[in-house]
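One structure below.
Number of protein chains: 2
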Amino acid sequence: MKTDKIRIAILGYGNIGCAAEAAIKAAPDMKLTGIHHHNDDINKIQADVVLLGTPTREVQHYAEKLLQKGISVIDSFDIHTQIYALRQSLKPIAEAHKAVSIISAGWDPGTDSMIRALLQAMAPNGITYTNFGPGRSMGHTVAAKAIKGVKDALSMTIPLGTGVHRRMVYVELEKNAKFSQVEKALLKDDYFAHDETHVIQVPSIKELNNVAHGVLLERYGVSGDTHNQRFEFKMEINNPALTAQIMTACARAAYRMCKHKHYGAFTLIEIPPIALLPGDEETNIKALV
Amino acid sequence: MKTDKIRIAILGYGNIGCAAEAAIKAAPDMKLTGIHHHNDDINKIQADVVLLGTPTREVQHYAEKLLQKGISVIDSFDIHTQIYALRQSLKPIAEAHKAVSIISAGWDPGTDSMIRALLQAMAPNGITYTNFGPGRSMGHTVAAKAIKGVKDALSMTIPLGTGVHRRMVYVELEKNAKFSQVEKALLKDDYFAHDETHVIQVPSIKELNNVAHGVLLERYGVSGDTHNQRFEFKMEINNPALTAQIMTACARAAYRMCKHKHYGAFTLIEIPPIALLPGDEETNIKALV
Numbered sequence: 046m047k048t049d050k051i052r053i054a055i056l057g058y059g060n061i062g063c064a065a066e067a068a069i070k071a072a073p074d075m076k077l078t079g080i081h082h083h084n085d086d087i088n089k090i091q092a093d094v095v096l097l098g099t100p101t102r103e104v105q106h107y108a109e110k111l112l113q114k115g116i117s118v119i120d121s122f123d124i125h126t127q128i129y130a131l132r133q134s135l136k137p138i139a140e141a142h143k144a145v146s147i148i149s150a151g152w153d154p155g156t157d158s159m160i161r162a163l164l165q166a167m168a169p170n171g172i173t174y175t176n177f178g179p180g181r182s183m184g185h186t187v188a189a190k191a192i193k194g195v196k197d198a199l200s201m202t203i204p205l206g207t208g209v210h211r212r213m214v215y216v217e218l219e220k221n222a223k224f225s226q227v228e229k230a231l232l233k234d235d236y237f238a239h240d241e242t243h244v245i246q247v248p249s250i251k252e253l254n255n256v257a258h259g260v261l262l263e264r265y266g267v268s269g270d271t272h273n274q275r276f277e278f279k280m281e282i283n284n285p286a287l288t289a290q291i292m293t294a295c296a297r298a299a300y301r302m303c304k305h306k307h308y309g310a311f312t313l314i315e316i317p318p319i320a321l322l323p324g325d326e327e328t329n330i331k332a333l334v
Numbered sequence: 046m047k048t049d050k051i052r053i054a055i056l057g058y059g060n061i062g063c064a065a066e067a068a069i070k071a072a073p074d075m076k077l078t079g080i081h082h083h084n085d086d087i088n089k090i091q092a093d094v095v096l097l098g099t100p101t102r103e104v105q106h107y108a109e110k111l112l113q114k115g116i117s118v119i120d121s122f123d124i125h126t127q128i129y130a131l132r133q134s135l136k137p138i139a140e141a142h143k144a145v146s147i148i149s150a151g152w153d154p155g156t157d158s159m160i161r162a163l164l165q166a167m168a169p170n171g172i173t174y175t176n177f178g179p180g181r182s183m184g185h186t187v188a189a190k191a192i193k194g195v196k197d198a199l200s201m202t203i204p205l206g207t208g209v210h211r212r213m214v215y216v217e218l219e220k221n222a223k224f225s226q227v228e229k230a231l232l233k234d235d236y237f238a239h240d241e242t243h244v245i246q247v248p249s250i251k252e253l254n255n256v257a258h259g260v261l262l263e264r265y266g267v268s269g270d271t272h273n274q275r276f277e278f279k280m281e282i283n284n285p286a287l288t289a290q291i292m293t294a295c296a297r298a299a300y301r302m303c304k305h306k307h308y309g310a311f312t313l314i315e316i317p318p319i320a321l322l323p324g325d326e327e328t329n330i331k332a333l334v
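As they're listed, the protein sequences go chains A and B.
Here the numbering used here = 1-based position in the first sequence + 45.
Here the numbering used here = 1-based position in the second sequence + 45.
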């Protein structure tokens, strides 16, 4: 059966946008119809689905504009506490314009959320630990850069188990800045005050750059009345490549949901895994079940 | 919001049925309305959803009967090569009688299938290895029991990595049977001829009994054009307790699908994770995403 390819455009061309380009080109059922910068005219976008590679805080703005034009949108919005509000605000817009928005479509939030939901269904009582890293924390890196005397910084998240993390903060100082003062200010900052934090002075941050990341999800729980059910999910990955790949898979799901008139805004735990895969359903069921 | 509890019955009361009883009783949104033996009158079953604890080869028979009465059914049918055919045969019956059948709703096939689908979406090129055990293999145990001179047997599956398995076969012999002959016959059997197999004579199988099992799913793959993406999913679990818990979660999903008039027969990769969890959607999205 010959089907038309899904027309995908990228808005925002940083780490994620660049990785998305590779993921779309590798997909057998997709056609890349454009790469747009954040200040381009949005009316020029010709696509069934747009992948947003813009900063998280600009997601809502662009998602609304695209949904209003009836174009489906995928983002990797990553502020956990604001995901539900984003979903609720995009949902009526998507419904009104017959489009689909899949939000927070990265690995955490995203596929990790699917695994957490699944583990909770498999062992309803128990604790899930999410251990991030080793990998760069964007939020902590920005906080470190804001300290007086810091020219550039990198904050690495190191997993210590049971959801506890160490912060390894590398700093490149401004001329005449004193390390002991920078260290003191950083350790008092609310971003770092609650975790074990080490501050290390380096001549240049640039050489430390690396987009590797990872996670270890652990759950020990109870199925029925049976305790000691043990689960682990572990990844060691290139962060933007995985995020962009998941967004690309979600573009496929959004396209299919539109075909089925299933409009609205959705998080990944609301999507069946089969919707993420290329090819026809029957073949995938035979191969994967 | 007060909602009516989902009425669940169990048909078949072996390992799975017994564990299902515990899972249903532990569920906040369910009411156990009956435990039925395979020769009971099926017309006496009062339930929204029935969990089938019958042997795999009887699943189709009972599922058809229940669906024809408009009762949704969950099974843990585990013959991988026949799952698709079972789905296709139950689908029109479920649709005609406004019911839902979720098939092969255990851990493999089942939740492992969901993870495999997810990993394939996250890294479309690559290989997934499914390593089972240590744990009892039902099929191999039955094959060992069928060897002449074997009174009782237990075949354990031991994972050697990259999907290769060792078989540790414990045999209790009939009086006057010769171990060397039993060993020779067993090693020639098609179930064992292709794997590293060790045959061990024991005085009694009963003391070796243990329902522990496990799996390690591994995938090394490519996201976009980025290689070396590494994923692992590992479980160490009580087998019937986990199977029954997954079936119970699927009963909830089936009940909800009926409410949304989404009738038919489905495998787990067609179900969104959120449908498996008790409680309202909004709360679960806030907690898990």
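Beta carbons are placed, not taken as given, at the ideal position from N, Cα and C, and that holds for glycine.
Taking Cβ-Cβ distances shorter than 7 Å, what residues in chain A pair up with residue i?
i: residue 101(B); result: Near residue 101(B) there are no residues of chain A at all, since even the closest Cβ is about 14 Å away, more than 7 Å.
i: residue 306(B); result: Simply none; closest approach about 13 Å.
i: residue 312(B); result: 330 and 334
i: residue 159(B); result: 163 and 318
Could you tell me which chain B residues have their CB closer than 8 Å to the CB of residue i, listed as they occur along the chain?
i: residue 242(A); result: In chain order: nothing, as chain B lies at least about 28 Å away.
With DSSP as the reference, please indicate the residues paired to residue i in a beta bridge.
i: residue 76(B); result: 52(B)
i: residue 122(B); result: Its beta-bridge partners do not exist; DSSP assigns none.
i: residue 159(B); result: Beta-bridge pairing links residue 159(B) to no other residue.
i: residue 274(B); result: 266(B)
i: residue 261(A); result: 176(A) and 279(A)
i: residue 241(B); result: 211(B)
i: residue 204(B); result: 210(B)
i: residue 225(B); result: DSSP lists no partner for residue 225(B).
Ordered along the chain, which non-local residues of its own chain (more than five positions away) have a Cβ less than 8 Å from that of residue i?
i: residue 257(A); result: 179, 180, 281, 282, 283 and 284
i: residue 46(B); result: Note on residue 46(B): pLDDT 48, under 50, position unreliable in the model; the coordinate value appears next. For residue 46(B), where only same-chain residues beyond five positions count, the Cβ hits under 8 Å are 325.
i: residue 238(A); result: 232
i: residue 59(A); result: 98
Looking only at its own chain, which residues have a Cβ that is under 6 Å from the Cβ of residue i, when we skip the five neighbours before and after it?
i: residue 94(A); result: 53, 117, 296, 299 and 300
i: residue 316(A); result: 298
i: residue 78(A); result: 52, 54, 91 and 92
i: residue 205(A); result: 211
i: residue 174(B); result: 207, 208 and 263
i: residue 274(B); result: 168, 266 and 268
Counting only Cβ pairs nearer than 8 Å, list the residues of chain A close to residue i.
i: residue 283(B); result: 268, 271, 273 and 274
i: residue 277(B); result: 277, 278, 279 and 280
i: residue 125(B); result: 334
Starting from residue i, find everything on chain B with Cβ-Cβ shorter than 7 Å and list it in chain order.
i: residue 156(A); result: 163 and 167
Within the same chain, show all residues whose beta-carbon is closer than 7 Å to that of residue i, passing over the 5 residues directly before and after it, in chain order.
i: residue 144(B); result: 112, 115, 116, 117, 303 and 308
i: residue 72(B); result: 293 and 323
i: residue 61(A); result: 98, 121, 285, 288 and 289
i: residue 65(A); result: 55, 96, 98, 289, 292 and 293
i: residue 327(A); result: none
i: residue 108(B); result: 97, 118, 120, 135 and 146
i: residue 203(A); result: 178, 179, 210, 211 and 213
Is the beta carbon of residue j closer than 8 Å to that of residue i?
i: residue 199(A); j: residue 124(A); result: no
i: residue 267(B); j: residue 329(B); result: no
i: residue 81(A); j: residue 55(A); result: yes
i: residue 216(B); j: residue 195(B); result: yes
i: residue 100(B); j: residue 128(B); result: no
i: residue 311(A); j: residue 147(A); result: yes
i: residue 159(B); j: residue 163(A); result: yes
i: residue 313(A); j: residue 149(A); result: yes
i: residue 227(A); j: residue 192(A); result: yes
i: residue 197(A); j: residue 260(A); result: no
How would you list, in chain order, the residues of chain A whose beta-carbon sits under 9 Å from the beta-carbon of residue i?
i: residue 78(B); result: The premise fails here: residue 78(B) is roughly 17 Å from chain A at the closest Cβ pair, so nothing lies under 9 Å.
Among the candidates the options, whose CA atom is the shortest distance from the CA of residue i?
i: residue 182(B); options: 167(B), 211(B) and 135(B); result: 211(B)
i: residue 165(A); options: 243(B), 327(B) and 321(B); result: 321(B)
i: residue 88(A); options: 76(A), 103(A), 110(A) and 102(A); result: 110(A)
i: residue 36(B); options: 163(B), 168(B), 190(B) and 138(B); result: Since the displayed chain B opens at 46 and closes at 334, residue 36(B) lies outside it and no answer follows.
i: residue 83(B); options: 104(B), 75(B), 67(B) and 74(B); result: 104(B)
i: residue 225(B); options: 49(B), 234(B), 244(B) and 172(B); result: 244(B)
i: residue 67(A); options: 138(B), 331(B) and 270(B); result: 270(B)
i: residue 74(A); options: 85(A), 279(A), 156(A) and 49(A); result: 49(A)
i: residue 152(A); options: 279(A), 229(A) and 218(A); result: 279(A)
i: residue 240(B); options: 255(B), 185(B), 218(B) and 220(B); result: 185(B)
i: residue 305(B); options: 140(B), 248(B) and 133(B); result: 140(B)
For residue i, which residues in chain B fall below 9 Å Cβ to Cβ?
i: residue 149(A); result: 334
i: residue 335(A); result: Because chain A here runs from 46 to 334, residue 335(A) falls outside it and cannot be looked at.
Give the residues from the segment 283–300 of chain B that approach chain E closer than 7 Å (Cβ to any Cβ), ordered along the chain. The structure shown contains no chain E; its protein chains are A and B.
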